[in-house]
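The block underneath contains the structure these notes are about, expressed in C-alpha cells.
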Amino acid sequence: MAKRALALVLAPRVAAGQSCCMSDFTDTALAAASRMRTLFPETPLQRNAHLSAIYAADIWLKREDLTPVRSYKIRGAFNAIRKVRAQAPEQDVFVCASAGNHAQGVAYVCNHFGVRSVIFMPVTTPQQKVDKTRIFGGDSVEIRLVGDYFDDTLASAQAYCSETGGYFLAPFDDDDVIEGQASVGVEILTQCPTPPDLVILPVGGGGLSSGVTRYFATEAPNLKLRYVEPAGGQSLRAALEAGELVSLPMVDSFVDGAAVARIGVKPFEVLQTVPKDDVLSVDEDRICTTMLEMLNVEGVVLEPAGAMAIDALKDIEDEIRGKTVVCVTSGGNFDFERLPEVKERAQRYLGLKKYFILRMPQRPGALKDFLMMLGPDDDIARFEYLKKSARNFGSVLIGLETKSAHNFDVLFEKMRNDGFSYRDITNDETLSAFVV
1309 MAKRALALVL APRVAAGQSC CMSDFTDTAL AAASRMRTLF PETPLQRNAH LSAIYAADIW
1369 LKREDLTPVR SYKIRGAFNA IRKVRAQAPE QDVFVCASAG NHAQGVAYVC NHFGVRSVIF
1429 MPVTTPQQKV DKTRIFGGDS VEIRLVGDYF DDTLASAQAY CSETGGYFLA PFDDDDVIEG
1489 QASVGVEILT QCPTPPDLVI LPVGGGGLSS GVTRYFATEA PNLKLRYVEP AGGQSLRAAL
1549 EAGELVSLPM VDSFVDGAAV ARIGVKPFEV LQTVPKDDVL SVDEDRICTT MLEMLNVEGV
1609 VLEPAGAMAI DALKDIEDEI RGKTVVCVTS GGNFDFERLP EVKERAQRYL GLKKYFILRM
1669 PQRPGALKDF LMMLGPDDDI ARFEYLKKSA RNFGSVLIGL ETKSAHNFDV LFEKMRNDGF
1729 SYRDITNDET LSAFVV
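So for the sequence shown, the numbering used here puts the first residue at 1309; every next one is plus one.
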C-alpha cells in the first residue's frame, strides 16, 4: 500500500517525461529516515474521524508528538550527530542552547550514541523541562542554567564551544538538522494510503518546514503545502514580505515551540519562494481551543506549536472539503501546570469568559440587584473590590464564565437598563495584566 501511494505521487512526473532520479538531498533524506529506525520506529500517520467529520474531508495527523521525546526535534539531532560522528569519531561533546524540545532531542540522541551532551538553558526554564532533559540524557548529559534571557544562554553555549572544542548544534539553522527533519516528509509519502492533496506544516525557525518542502519538491511536486505560524511570531511572513531576513521587534512567547523572531538563514533559502498566501497565521488564544478540543475529545496531548496545523484547518475549511489533508502535530511536550491558562485563553477567545470593572453604587441591596441580573448559566469566577472611587460608588473587578457568549449580551443590556456602569477589560492587555 505504501509503495503504491508513493508511485501514484510520482506518476505525474513520469508521465511528463521527467527523470525520477532523486536529488542528492532526496538520497540523504531517505538515508536519514532509514538509519533513524535504529533509534525509534516511524511515527504513526493516523486518520482522525472527529476532524474528518467536522471538515467533510479526509484528515490525517502525522503524530510527531509520539516520538521518544514527544517532538520531531529528535530527527534533526540524530541525523546531525550521526554524521558528525561518522566524519570525526573523536568528537564526543555536543552542545546546544535550548529550553525545550531541541534540548531533549540532543540529550536523548547523545545518550544513544554514548557521547556527552552539555545543554545550556535559561535560569527561568521550568523545572519540568529541566528534569525531562536530564532523564533523556541519563549519565551523558550536563545541564547548565545560565542567563535570564535566551540570548545570554546562547552566548554562553557558544563561548563554551570555543573554549572546549564542543560541537554546537543549532536547532534549525543547520543543513544536517534540516535533512533529518525532512524524514517527516519521507514517512508521510510512504504511509498515506492515497496521495494527499495538502500537507500543513508548522513553522518556527524553519527546520521542519524547509526540510519537508525540499523533499516534496522532487518527490511530490504537485502536492500543495500550507505553512502555519503563530500570530505573535510571523517571522516567515515578515521575511517573505521584505524579500529578505528580518527580525521581529516583538514576539509572543506563548507558542514557545514556534515563537521565533527571525527564521533561519538556511531554511529561508528554501522557503523564500513560498507564495505569501500559502503562509497562514493562527491566533494564540484560538490555538488553546484546539488544544482543549484534542485533549477532551480525542485524548491527544499537544503543546501550542503542536496544535497549530490542526487549528489552521479553520481558516481553509472551504478549500479542503472532500480532500485528503495531512496535519503535522509537531510536539506534545505540554506542562499541565499551564492548563488553567490554556482554558482561560480558550474561554476568552470563545466569548465564554469576560472580565469587567463594575462601578457599584454604595447602597444597601446594590450587590443583590447585580446578582439577580445573572442568568442560570452565569458563574462568578472572580469578585474583588478594588477601591471606593467616590463616596457613593466603588469599583469592583468581576470575572464571569458562562455557557453561551450571547449570555453576556443579555447581562450587559440589563446592567445598562438598571444604571450600572461597567468597563469590559477582557481584551485590554495592559489593564488586565495589572488587575486580572
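Ideal Cβ placement from N, Cα and C applies to all residues, glycine included.
All of these numbers come straight from a predicted model, not from anything done at the bench.
Rounded to whole angstroms, what is the Cα-Cα separation between residue i and residue j?
| i | j | result |
| --- | --- | --- |
| residue 1544 | residue 1530 | 22 Å |
| residue 1480 | residue 1538 | 17 Å |
| residue 1467 | residue 1588 | 37 Å |
| residue 1349 | residue 1498 | 14 Å |
| residue 1430 | residue 1404 | 12 Å |
| residue 1655 | residue 1436 | 26 Å |
| residue 1330 | residue 1357 | With a pLDDT of only 49 at residue 1330, under 50, the local geometry of the prediction cannot be trusted, and no value is derived from it. |
| residue 1307 | residue 1547 | Absent from the model: residue 1307. The displayed extent of the chain is 1309 to 1744, so no value can be given. |
| residue 1454 | residue 1673 | 56 Å |
| residue 1384 | residue 1368 | 23 Å |
| residue 1484 | residue 1364 | 38 Å |
| residue 1386 | residue 1417 | 6 Å |
| residue 1736 | residue 1407 | 30 Å |
| residue 1560 | residue 1717 | 30 Å |
| residue 1690 | residue 1607 | 30 Å |
| residue 1533 | residue 1554 | 23 Å |
| residue 1738 | residue 1541 | 19 Å |
| residue 1463 | residue 1535 | 30 Å |
| residue 1516 | residue 1714 | 41 Å |
| residue 1609 | residue 1692 | 34 Å |
| residue 1613 | residue 1353 | 18 Å |
| residue 1371 | residue 1413 | 16 Å |
| residue 1396 | residue 1514 | 27 Å |
| residue 1456 | residue 1627 | 44 Å |
| residue 1604 | residue 1688 | 24 Å |
Among the residues of its own chain, which have a CB less than 6 Å from the CB of residue i, if the five just before and after it don't count?
| i | result |
| --- | --- |
| residue 1419 | 1445, 1446 and 1448 |
| residue 1341 | 1491 and 1494 |
| residue 1423 | 1400 |
| residue 1728 | none |
| residue 1295 | No information on residue 1295 is available, as it lies outside the stretch 1309 to 1744 that the chain covers here. |
| residue 1683 | 1715 |
Let me check understanding here. Comparing Cα to Cα, which of the options lies closest to residue i?
| i | options | result |
| --- | --- | --- |
| residue 1550 | 1404, 1536, 1599 and 1580 | 1580 |
| residue 1470 | 1337, 1401, 1536 and 1608 | 1401 |
| residue 1686 | 1673, 1661 and 1677 | 1661 |
| residue 1703 | 1681, 1668 and 1734 | 1668 |
| residue 1720 | 1338, 1694, 1678 and 1605 | 1678 |
| residue 1507 | 1553, 1690, 1620 and 1514 | 1620 |
| residue 1344 | 1608, 1353, 1452 and 1487 | 1487 |
| residue 1496 | 1346, 1406, 1338 and 1639 | 1338 |
| residue 1624 | 1643, 1641 and 1585 | 1585 |
| residue 1285 | 1392, 1627, 1708 and 1744 | Limits of the chain in this structure are 1309 at one end and 1744 at the other, which puts residue 1285 out of reach. |
| residue 1458 | 1500, 1432, 1562 and 1670 | 1432 |
| residue 1409 | 1694, 1567 and 1647 | 1567 |
| residue 1706 | 1670, 1676, 1725 and 1744 | 1744 |
| residue 1489 | 1512, 1472 and 1505 | 1512 |
Kindly list the residues whose CB is nearer than 8 Å to the CB of residue i, restricted to its own chain and excluding five residues on each side of it in sequence; keep chain order.
| i | result |
| --- | --- |
| residue 1657 | 1591, 1593, 1594, 1596 and 1597 |
| residue 1742 | none |
| residue 1711 | 1660 and 1685 |
| residue 1600 | 1650, 1651 and 1654 |
| residue 1740 | 1663, 1733 and 1734 |
| residue 1438 | 1429, 1451 and 1453 |
| residue 1334 | 1523, 1526 and 1527 |
| residue 1360 | 1366 and 1367 |
Which two residues bound the contiguous alpha helix (DSSP H) that contains residue i?
| i | result |
| --- | --- |
| residue 1363 | 1357-1363 |
| residue 1575 | 1573-1579 |
| residue 1545 | 1543-1550 |
| residue 1675 | 1674-1681 |
| residue 1651 | 1647-1657 |
| residue 1631 | That residue, residue 1631, is in no alpha helix (DSSP H); it is neither H nor E in DSSP. |
| residue 1486 | 1483-1489 |
| residue 1523 | 1515-1527 |
Would you give the residue range spanned by the beta strand (DSSP E) that residue i belongs to?
| i | result |
| --- | --- |
| residue 1532 | 1532-1538 |
| residue 1668 | 1661-1669 |
| residue 1405 | 1401-1405 |
| residue 1429 | 1424-1429 |
| residue 1450 | 1449-1453 |
| residue 1590 | 1587-1590 |
| residue 1705 | 1701-1709 |
| residue 1434 | It is not in any beta strand (DSSP E) - residue 1434 carries neither H nor E in the DSSP assignment. |
Can you give me the Cβ contacts of residue i inside the same chain, cut-off strictly under 7 Å, excluding the 5 residues immediately before and after it?
| i | result |
| --- | --- |
| residue 1732 | 1662 and 1664 |
| residue 1723 | 1681 and 1730 |
| residue 1411 | 1404, 1427, 1429 and 1441 |
| residue 1434 | 1643 |
| residue 1611 | 1565, 1639, 1640, 1641 and 1642 |
Just checking, does the region 1629-1638 make contact with the region 1571-1580 on the three C-beta pairs under 8 Å criterion? no
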